[in-house]
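A short worksheet on the structure shown next.
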Amino acid sequence: MKYIGYWEYSPTKITTVIEKFRQMTADRENMEEKYAKIIFGPYRLFGESRGFSIFETEDPEKLANIANFYAPEVKWEFIPIHDAKDYLKPSMAEIYLNLKK
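65 is the number of the first residue of the sequence shown in the numbering used here; add one for each residue after it.
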């Protein structure tokens with residue numbers, strides 16, 4: 065399953081956030097599997113101390129591990145996402161359109 069993870073930190077904590085980011089990057093390179101796989105990002109909103117990343121995992125505990133690792137400097141919100149094409153398959157679209165008649 066895929067999740068979008070919105071993150072935000074205080075600009076006064078940037079040094080600690082960078083240190084933690086480097087540590088997590090090293091853990092990922094060492095094939096640590098306690099964190100969800102990042103498949104897109106991280107992306108920071110221009111001029112802001114917040115942004116988002118896209119993760120993939122079947123174990124939501126791995127998302128909690130990310131939030132716990134960065135706490136208390138970074139606040140996270142994870143929201144499950146899905147590919148809209150899954151809901152636009154011809155059979156489902158046809159059923160919906162027929163119901164509208």
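For each residue, glycine too, the CB sits at the ideal point set by N, CA and C.
Alpha carbons only, please: which of TYR160, ILE102, PRO124, GLU72 is nearest the one belonging to TYR134? Your numbering for residue 134 matches position 70 in the sequence shown. Ranking TYR160, ILE102, PRO124, GLU72 by Cα distance to TYR134 puts GLU72 first.
Are at least three pairs of beta-carbons, each pair with one atom in the stretch 94 to 113 and one in the stretch 143 to 152, less than 8 Å apart? no
Have a look at ASP123, LEU161, ALA148, GLU137 and flag the residue whose alpha-carbon is nearest the alpha-carbon of PHE85. Taking the first residue of the sequence shown as 1, we reach residue 85 at position 21. That would be GLU137, whose Cα lies nearest to the Cα of PHE85.
Best match in ILE78, ILE159, ALA100, PHE104 for proximity to GLU125 [C-alpha to C-alpha]: If you number the sequence shown from 1, residue 125 lands on position 61. Closest by alpha carbon: ALA100.
How many Å lie between THR89 and ALA148 at the Cα? The residue given as residue 89 occupies position 25 in the sequence shown. The residue given as residue 148 occupies position 84 in the sequence shown. Those two C-alpha atoms are separated by around 30 Å.
Mind reading off the beta-carbon distance from LEU127 to TYR67? Whole number of angstroms is fine, and I expect it under 8 Å. To locate residue 127, count along the sequence shown from 1; it is residue 63. To locate residue 67, count along the sequence shown from 1; it is residue 3. Between TYR67 and LEU127 the Cβ distance is about 6 Å, and since that is below 8 Å, they are a contact.
Give me the DSSP bridge partner(s) of SER117. What you label residue 117 is simply residue 53 of the sequence shown in a count that begins at 1. Paired residues: GLY69.
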